[in-house]
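For reference, the structure discussed in these notes is given below.
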Amino acid sequence: MSAANQAETPNLTLVASNATPQLKARDSIDGVEFLQAISASLELDHVVRTAMSYLSELVAMRSWEYAFQSAQFEAPLFQLSDGKVDRHRLEYTLGSAGQPMGHLTLTRGRRFSEQEQEKIEGLLGLAAPALRNALRFRELSLQLETDPMTGLGNRRALHTQGERWLADSLRQHRPLTMLALDLDRFKPINDQFGHPEGDRLLCEVARVLRESTRPSDVCVRMGGDEFVVLLPGADLTCAMDCAERIRQTISEIELSVPDAAGVRVSASIGLAMHHEGMTLDQLYNQADNALYAAKHAGSNRVLAGGRSSLAKPELRIAAG
1 MSAANQAETP NLTLVASNAT PQLKARDSID GVEFLQAISA SLELDHVVRT AMSYLSELVA
61 MRSWEYAFQS AQFEAPLFQL SDGKVDRHRL EYTLGSAGQP MGHLTLTRGR RFSEQEQEKI
121 EGLLGLAAPA LRNALRFREL SLQLETDPMT GLGNRRALHT QGERWLADSL RQHRPLTMLA
181 LDLDRFKPIN DQFGHPEGDR LLCEVARVLR ESTRPSDVCV RMGGDEFVVL LPGADLTCAM
241 DCAERIRQTI SEIELSVPDA AGVRVSASIG LAMHHEGMTL DQLYNQADNA LYAAKHAGSN
301 RVLAGGRSSL AKPELRIAAG
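Numbering (UniProt numbering) for the sequence shown: 1 to 320.
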């Protein structure tokens, strides 16, 4: 295994042992207790945090980060982290029975010894069945949280993933901003050129959202031609830049039917940034209100908290 400054990331194949686990690091970790704790829930969040909690008792570390990207769904990157990144790092690309199980990074101020790496890998081996089951459960949940036409998340995804990002933002004191997007004059396009062309347009918008956002951002089709994007770690300035990029790219979409030449596609976007005490529903309502104001002001624009793009200067949207 390699640590810290070595370029190559080791691939760690996790193989669970049938023997009774005997972990004695600092005489503080009981293997049976660990398995009971990590298997108490199928939620990936619980499994990862439990494993990292026990791992922190096993070896001293400054920070950890776990990431998993589903290959089956165009889903957001699942990412959890804690602590402050330090100088030396140990990275693992995890797998079991030929299936990818994510990427783990540990850091601290000094190198990890060979003995410590053996302890880490032993605990990760014990965690393998619980992690594998949690990943399967997550894949099943993604099926329930995916819009079948566009491949984006649906309302359920906004609730489950949004609540997770909201909790992380509050815990880490990081900003969280939401975009609410609606196509301008979508119904006439649907009526005039047919639902297949309307569906293709919605899929094009979904493509724009995926390409204009980060893997960790949550892109959702709420229904019809309404979309929502949740931007963890982004303040209003960053979110405005992202929204304007999305608006501009959508305006470049061309309809595919011959008699649609000259028909312009556009979108209106409302923004809201989370403030202390707000729920996810309240954040959505603020973004939706800003979207309504953008459409009322003439469409094809971005509005948020008193700031606007391609909007009348006197128009202001309350931030709180």
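Cβ coordinates follow ideal geometry from the N, Cα and C atoms, glycine included.
With 16 other Cβ atoms within 10 Å as the buried cut-off, status of residue i
i: P148; result: exposed
i: T107; result: buried
i: S256; result: exposed
i: H275; result: exposed
i: P232; result: buried
i: A304; result: buried
i: Q286; result: buried
i: V32; result: exposed
i: D281; result: exposed
i: R301; result: buried
i: T177; result: buried
i: residue 376; result: No information on residue 376 is available, as it lies outside the stretch 1 to 320 that the chain covers here.
i: E254; result: exposed
i: K119; result: buried
i: L271; result: buried
i: E116; result: buried
i: S308; result: Any answer about S308 is weak, because its pLDDT of 44 lies below 50 and its placement is not dependable; what the coordinates show is given next. Looking at its Cβ environment, which holds 16 or more other Cβ atoms inside 10 Å, S308 is buried.
i: residue 324; result: There is no way to answer for residue 324, as the model of the chain reaches only from 1 to 320.
i: T237; result: exposed
i: T146; result: buried
i: L23; result: Only weak support exists for where L23 lies, its pLDDT of 40 falling under 50; the coordinates are left without a value.
i: E211; result: exposed
i: L94; result: buried
Residues that residue i bridges to, as DSSP identifies them
i: residue 401; result: With the chain represented from 1 up to 320, any question about residue 401 goes unanswered, as that position is not in the structure.
i: V220; result: G153, V228
i: M178; result: L230, A272
i: Q79; result: A67
i: L35; result: Beta-bridge pairing links L35 to no other residue.
i: L183; result: A267
Reduced DSSP secondary structure (H/G/I, E/B, other) of residue i
i: A261; result: coil
i: D86; result: coil
i: M240; result: helix
i: G198; result: helix
i: L255; result: coil
i: P188; result: helix
i: T249; result: helix
i: R210; result: helix
i: D281; result: helix
i: A40; result: coil
i: D288; result: helix
Cβ distance (whole Å) where residue i is taken to contact residue j below 8 Å
i: A206; j: G151; result: 6 Å
i: R111; j: D86; result: Between D86 and R111 the Cβ distance is about 11 Å, and since that is not below 8 Å, they are no contact.
i: L183; j: A243; result: No, L183 and A243 are not in contact; Cβ-Cβ is about 14 Å, not under 8 Å.
i: V59; j: A130; result: Contact flag wrong, Cβ pair sits at about 20 Å.
i: I250; j: V208; result: 6 Å
- prompt: At which residue ranges does the segment 89-170 contain complete alpha helix (DSSP H) runs of 4 or more residues, listed in the order of the chain?
  reply: Within the segment 89-170, the complete alpha helix (DSSP H) segments of 4 residues or longer fall at 114-144, listed in chain order.
query: In the segment 43-69, which residue ranges form an unbroken beta strand (DSSP E) of at least 3 residues, counting only runs that do not cross its ends?
result: Here the runs fully enclosed are 63-68.
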